[in-house]
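Notes to accompany the following structure.
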Amino acid sequence: MASIQSGKIAYLIRGLLLPEKYGILFDRQTFPLKHLSLEKRLNYIFQGIRSVYNPWNGFGIPPVLQIEPVNDCNLRCRTCAFGTGLIRRPPEAMPFDLYKSIIDQVASRVSLMAFWAWGEPFAHEEACDMIRYAKDSGLLVHTSTNGHFFTTAAEARRVIDSGLDSIILCVDGLDQKTYETYRVRGQLEKVLTSTENLVTEKRRLGKATPTITLRFLVMKHNEHQVEAFKAMAREMGVDALSLRLPAVQREKVNLEKTLAPRLMSIGGDSGKKKQKGTQIWRPSSAPCSRPLANLTIFSNGDVVLCENDYNAEFSPGNASRNRIRDILSSRKAKALLEAFRRNPESLPFCRNCDKHDLKGDRLNIYHRKIEKETSA
8 MASIQSGKIA
18 YLIRGLLLPE
28 KYGILFDRQT
38 FPLKHLSLEK
48 RLNYIFQGIR
58 SVYNPWNGFG
68 IPPVLQIEPV
78 NDCNLRCRTC
88 AFGTGLIRRP
98 PEAMPFDLYK
108 SIIDQVASRV
118 SLMAFWAWGE
128 PFAHEEACDM
138 IRYAKDSGLL
148 VHTSTNGHFF
158 TTAAEARRVI
168 DSGLDSIILC
178 VDGLDQKTYE
188 TYRVRGQLEK
198 VLTSTENLVT
208 EKRRLGKATP
218 TITLRFLVMK
228 HNEHQVEAFK
238 AMAREMGVDA
248 LSLRLPAVQR
258 EKVNLEKTLA
268 PRLMSIGGDS
278 GKKKQKGTQI
288 WRPSSAPCSR
298 PLANLTIFSN
308 GDVVLCENDY
318 NAEFSPGNAS
328 RNRIRDILSS
338 RKAKALLEAF
348 RRNPESLPFC
358 RNCDKHDLKG
368 DRLNIYHRKI
378 EKETSA
């Protein structure tokens with residue numbers, strides 16, 4: 008353990024001294040440190056040291072801000088906490104004034120904003136304006152979407168013009184029947200049209216960002232389409248693809264027999280496994296650091312240690328009523344962090360996460376650049 012801790016500290020220090028060679032790994036993507044201010048890089052290092060030695064002292068701001076723009080969605084995905092009806096919070100879009108207040112409070116320290124939690128981020132009418140505000144405040148911005156909201160060139164252009172750094176679009180089947188098996192109420196044609204529009208507008212505008220990634224949740228009913236998905240992604244001209252396993256169980260919702268793919272055991276050893284050249288990442292066995300790495304704030308302003316506390320039952324405070332620094336340094340926040348470090352089984356969202364392979368700081372995704380094919 009000591010060697011792991013010292014290795015982590017050494018990596019953090021190298022990131023400070025050589026920012027052009029290092030980046031923040033989130034969602035299996037690397038976001039470069041070189042564009043960040045010295046203050047942000049120092050905060051990144053201090054938070055890393057804090058996570059090793061004293062995680063409950065309330066010092067500093069997590070380097071990743073996870074914002075839930077809205078806890079509502081047009082789909083009903085079969086093991087999503089929203090899609091299965093497990094979220095009891097009423098649907099609510101984050102007011103723009105609250106959002107700006109959050110950004111203003113943390114912009115000098117936060118490096119990256121993850122623009123989603125439970126719900127479809129682009130269901131918020133001001134989603135692109137929110138992204139632009141974060142970009143103008145000096146944050147890197149990454150998001151994930153079901154891809155139903157950019158079916159016109161104008162809608163796609165708004166996303167590109169927002170300054171977004173990275174976007175993932177989820178395509179879990181290559182025909183409507185396969186796709187809607189998991190993405191209930193979804194329309195595959197809209198997702199593919201949205202993807203094509205983003206790629207086209209990005210090229211037309213001559214923009215380097217956002218990185219456009221297609222994601223494929225590998226499940227029993229679609230695993231036979233993995234290779235065809237790779238070929239389609241190349242043909243569409245996206246920047247990257249990712250394969251990952253689904254969460255097959257949340258609380259009493261258990262779809263392991265229905266969704267778990269045959270080519271990989273959900274409950275097997277952690278790490279990378281191969282089947283006929285296909286690489287799929289599953290949750291890491293490394294200690295989780297999400298409460299220390301992510302500042303997660305739901306659409307009503309509730310601050311939570313982890314997005315898997317999806318009903319905010321263990322929220323140390325609300326950003327619409329208290330300053331974020333006061334919330335993070337409160338007695339309740341410190342007690343929750345101490346429980347997370349010393350006895351995570353005492354927290355239901357940690358206990359459920361560990362039992363059902365949901366943990367891993369989003370490190371359970373295989374991500375790679377798609378090589379451009381050249382003609383002979």
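Using the working numbering, the letters of the sequence shown map in sequence onto residues 8 to 383.
Glycine included, each C-beta is placed from N, C-alpha and C at the ideal position.
Note: Phe-223 is bridge-paired with Leu-250 in the DSSP secondary-structure output.
The distance from the Cβ of Ile-31 to that of Ser-118 is about 6 Å, consistent with a contact at the 8 Å cut-off. For Met-101, no alpha helix (DSSP H) encloses it, and the DSSP letter there is neither H nor E. Sequence-distant partners of Thr-91 (beyond 5 residues in either direction) whose C-beta falls short of 6 Å from its own C-beta, in its chain, are Val-260. For Thr-220 and Thr-150, the gap between their C-alpha atoms comes out near 10 Å.
The C-beta of Lys-209 has 16 or more other C-beta atoms within 10 Å across all chains shown, which makes the residue buried.
With fewer than 16 other Cβ atoms inside 10 Å of its own Cβ, Gly-213 counts as exposed.
Following the DSSP letters along the chain, one finds Phe-89 in no beta strand (DSSP E), marked with neither H nor E. Around the beta carbon of Thr-37, fewer than 16 other beta carbons lie within 10 angstroms, which makes this residue exposed.
As for any beta strand (DSSP E) of minimum length 3 sitting wholly inside the segment 141 to 174, the runs are 147 to 152, ordered along the chain. A direct Cα-Cα distance of roughly 33 Å separates Glu-75 from Glu-234.
The alpha helix (DSSP H) runs of length 4 or more contained entirely in the segment 289 to 320 are, from start to end of the chain, 297 to 300. Its chain contains Val-77, Asp-79, Cys-80 and Asn-81 as the residues whose beta carbon lies nearer than 7 Å to that of Ala-130, once the 5 sequence neighbours on both sides are disregarded; these appear in chain order.
In the structure shown, Thr-37 adopts extended strand secondary structure according to DSSP, grouped into three states.
For the options Val-225, Thr-152, Leu-43 and Arg-328, the alpha carbon positioned closest to that of Glu-263 is the one of Val-225.
With the rule of 3 Cβ pairs closer than 8 Å, the segment 180 to 196 does not count as touching the segment 133 to 147. An exposed status is given to Thr-159, since fewer than 16 other beta-carbon atoms sit within 10 Å of its beta-carbon. The C-beta distance from His-155 to Gln-194 rounds to 7 Å, short enough to meet the 8 Å contact threshold. For Ile-94, there is no enclosing alpha helix (DSSP H), as DSSP marks it with neither H nor E.
Looking from the CA of Leu-72, the closest CA among Ser-337, Lys-47 and Leu-93 belongs to Lys-47.
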